[in-house]
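Under the numbering used here, the sequence shown has 40 at position 39, and the numbering climbs by one with no breaks. C-beta atoms are modelled at their ideal positions from N, C-alpha and C, and glycine is treated no differently. Below is one structure, written out as structure tokens; comments come after it.
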Amino acid sequence: MAQAISVRLDDAALRALSELEATGMSRSEAIRAALVEAASRLHDKQALAAEVAALETDEDDRAEMVAVAELMESLRAPG
């Protein structure tokens with residue numbers, strides 16, 4: 002069920018809304034799409050942070066990274 006809300010937009014938000022509306026979206030469609038997109042990016046960022054944290058605690062993975070870095074360094078041209 003749809004629910005109506007009221008918001009006050011600053012100049013930057015109004016410009017962004019105008020850009021979205023210029024694509025043919027209605028105000029409601031533009032605002033809904035922007036909210037869903039923002040929440041999705043937040044979720045993706047949190048998932049990536051969790052993956053990085055897990056990798057940082059994986060001693061085998063860290064040892065492999067060091068081995069690969071050492072190999073790459075040994076293959077580098079002198080100078």
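Under the criterion of beta carbons closer than 8 Å, Glu22 and Arg16 do not qualify as touching, at roughly 11 Å. Apart from sequence neighbours up to five positions away, the residues of its chain that approach Glu57 with a beta-carbon distance below 8 Å are Arg63, ordered along the chain. Going by DSSP, Ile6 is part of no alpha helix (DSSP H) at all; its letter is neither H nor E. Per DSSP, Ser27 lies in no alpha helix (DSSP H) and is assigned neither H nor E.
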